[in-house]
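2 protein chains.
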Amino acid sequence: MTGEAHSPFIRKLSAFVVLSESELAVLARLHRRRRTFAAGQDMVHQGQSAQTAYILSAGWVCSYKIQPDGARQIVDFQVPGDFLGLRSVLLRTSDHSFEPIVDIEAVEVLAHDLLDAFAQTPRLATAILWAASRDEAMVVEHLVGIGRRDAGARMAHFLLELGSRLALVGMGSKKGFDCPLTQYHLADTLGLSAVHVNRVLRQLREHALVTFRNGRVSFHDYEGLVKLAEFDPAYLDQAGPLLK
Amino acid sequence: MTGEAHSPFIRKLSAFVVLSESELAVLARLHRRRRTFAAGQDMVHQGQSAQTAYILSAGWVCSYKIQPDGARQIVDFQVPGDFLGLRSVLLRTSDHSFEPIVDIEAVEVLAHDLLDAFAQTPRLATAILWAASRDEAMVVEHLVGIGRRDAGARMAHFLLELGSRLALVGMGSKKGFDCPLTQYHLADTLGLSAVHVNRVLRQLREHALVTFRNGRVSFHDYEGLVKLAEFDPAYLDQAGPLLK
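If you're matching them up, the sequences are chains B and D in order. Quick note: the first sequence, position 241, residue 241 per UniProt numbering, numbers continuous. Quick note: the second sequence, position 194, residue 194 per UniProt numbering, numbers continuous.
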């Protein structure tokens, strides 16, 4: 077993499948091409056909779409262990852009690397399909949030989801997590103005539910926040490996 | 080669990968358990852990989430060739419900069937990951639509997307397509009231762009509608097989 066995990506896939030594070796070989990107440096441009995906090792990234009128909709954030642009590899053209929020480390994965890995271990294909399904479930929740939740529940749901995702890779707990996002990120994610984001965060703080300050999200009343957001984490499917 | 080689599912995957005889045989074996469901009969309940997915052979299905307050958000529609509940198989609990809009035919696929198929032909795993990525790209577009498009552009984009998806399986063209959806489906999809849906459809008709009447969507000015919606179909990735 190599050092990569403890990468966030492998930790995350292990929530779905108990990986064998040989599967870990295949995954380790996917980790060869290490790259770093500076905060604010676009990685994949919407419309580009690059056929390269990344697995994020350290740092935070946001994926977004720019509408023709210039408005930005943030689709999701990626945290360590997440794929960036898996869709771009398979769909041949990127339907969105990625921007590192802080300096990041990522591993470059080419389409044929993935095909090779799938040929060597089909269970790995299933695990990656699991991760993609989970990503889709998050976008669905995000859609439901914008379509059907009020601003307070939307914000609470978003912070709880991030906390759960980070807990899976050892970077968060029910106490809270470090968070480099700005109020502009939150606004473009939740479909609110920055002023509205400010007001919602103040209300959540005044109700002693959660504080987001100085790069740290602190949950004061985790269960109260769960109740406000009607947050059911089942869609994140983190209850332990299905494939033994 | 069997009759299943011409199923909508195989037609759809063929947009991504040129399937060999042996891959077609593996796919044909996935088509063994045929089921029918009546319109309005729920197939998968939100929160159920069923481990069964379906491939839709004929008819239309809608997937939706009910919020705790009872509001319904339609996440997507499935048309022939689409998976239903692939996420439910992999995520162990269904994050949404499926309801047939008309009487449908579907093939039941169990988790271990998929694993077996992947083991036999890893390229098939990639093709199914492609289909899942495409589904996710559609949810992303839907999110951007609700977050950032006005009602007219949102409706136009939705009808153009359906037309393209149906064209892929031989059921639509730039002239139009048969469509069993009601104005309530459109409202719960686009985050509009039924009255607003009515008004938007009337405006699109009065501008001689598109008519939706008597179960038929008729495009009168396809390019005009594309322009209004700023519709770029690249995310549907239908330009022809990548894997030869």
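The beta carbon of each residue, even a glycine, is placed where N, CA and C say it ideally should be.
First and last residue of the uninterrupted beta strand (DSSP E) at residue i
i	result
Q190(B)	It should be pointed out that residue 190(B) corresponds to Leu in this sequence rather than to Gln. Counting along the chain, L190(B) falls outside any beta strand (DSSP E), though it belongs to the alpha helix (DSSP H) covering Q183 to L190.
V217(D)	R216 to F219
Unbroken alpha helix (DSSP H) run spanning residue i, endpoints
i	result
I144(D)	Note on residue identity: the sequence assigns Val, not Ile, to residue 144(D). Per DSSP, V144(D) belongs to the alpha helix (DSSP H) from P122 to R148.
G163(D)	A151 to L168
R29(D)	E21 to L30
G176(B)	Taken as a continuous stretch (DSSP letters only), G176(B) belongs to no alpha helix (DSSP H), being part of the beta strand (DSSP E) at G176 to D178.
E230(D)	Segment: none, E230(D) is in no alpha helix (DSSP H) and carries neither H nor E.
S193(D)	Where S193(D) is concerned, there is no enclosing alpha helix (DSSP H), given that its DSSP letter is neither H nor E.
S88(D)	L86 to L91
Three-state class that DSSP yields for residue i in the structure shown
i	result
S7(B)	coil
P100(D)	strand
V210(B)	strand
S57(D)	strand
D237(B)	coil
G40(B)	coil
G81(B)	coil
V17(B)	strand
I66(B)	strand
M1(D)	Because M1(D) sits at a pLDDT of 40, beneath the cut-off of 50, its placement in the model cannot be relied upon, and the following sentence gives the value as read from the coordinates. It is coil, neither helix nor strand.
A71(B)	coil
G172(B)	coil
R34(B)	strand
V200(B)	helix
L115(D)	helix
L110(B)	strand
D76(B)	strand
residue 257(D)	No answer is possible for residue 257(D): the residues shown for chain D start at 1 and end at 244.
Cβ-based burial, residue i [other Cβ within 10 Å; buried from 16]
i	result
E99(B)	buried
T189(B)	buried
P80(B)	buried
A38(D)	exposed
Y184(D)	exposed
D69(D)	exposed
R149(D)	buried
E161(D)	buried
D42(D)	exposed
G65(B)	Here the sequence assigns Lys to residue 65(B), which means Gly is not the residue at that position. Under this definition K65(B) is a buried residue.
V195(D)	exposed
G87(B)	Here the sequence assigns Arg to residue 87(B), which means Gly is not the residue at that position. Per the 10 Å Cβ criterion, buried.
A131(B)	buried
V109(D)	buried
M1(D)	Reliability fails at M1(D), whose pLDDT of 40 lies under 50, so the model's placement of it is uncertain and the value that follows must be treated cautiously. The residue in question, M1(D), is exposed, as its Cβ has fewer than 16 Cβ neighbours within 10 Å.
R165(B)	buried
Q203(B)	exposed
H157(B)	buried
E223(D)	exposed
Q.
Check whether the region 116-128 of chain D and the region 140-149 of chain D are in contact - that is, three or more C-beta pairs closer than 8 Å.
A. Contact annotation: the region 116-128 of chain D does not touch the region 140-149 of chain D, with fewer than three C-beta pairs closer than 8 Å.
Q.
For the region 221-230 of chain B against the region 147-160 of chain B, do three or more pairs of beta-carbon atoms, one drawn from each stretch, fall closer than 8 Å, so that the two count as touching?
A. Yes, since at least three Cβ pairs between the region 221-230 of chain B and the region 147-160 of chain B fall closer than 8 Å, the two stretches touch.
Q: Evaluate contact between the region 177-189 of chain D and the region 59-67 of chain D, counting only Cβ atoms and requiring at least three cross-stretch pairs below 8 Å.
A: Yes, the region 177-189 of chain D is in contact with the region 59-67 of chain D.
Q | Stretch pair the region 104-111 of chain D + the region 98-112 of chain B: three plus CB contacts closer than 8 Å | A | With the cut-off at 8 Å, the region 104-111 of chain D and the region 98-112 of chain B do not touch.
Q.
I'd like to know if the region 159-170 of chain D and the region 9-26 of chain D are in contact, where contact means that at least 3 CB-CB pairs between them fall below 8 Å.
A. Touching, yes, given that three or more Cβ pairs across the two stretches are closer than 8 Å.
Q) Three or more C-beta pairs closer than 8 Å, one from the region 121-139 of chain D and one from the region 209-224 of chain D: is that the case here? A) Flag = no, the region 121-139 of chain D and the region 209-224 of chain D do not touch.
Q. Should the region 120-129 of chain D be regarded as contacting the region 23-32 of chain D, the criterion being three or more beta carbon pairs within less than 8 Å?
A. Enough Cβ pairs lie closer than 8 Å, so yes.
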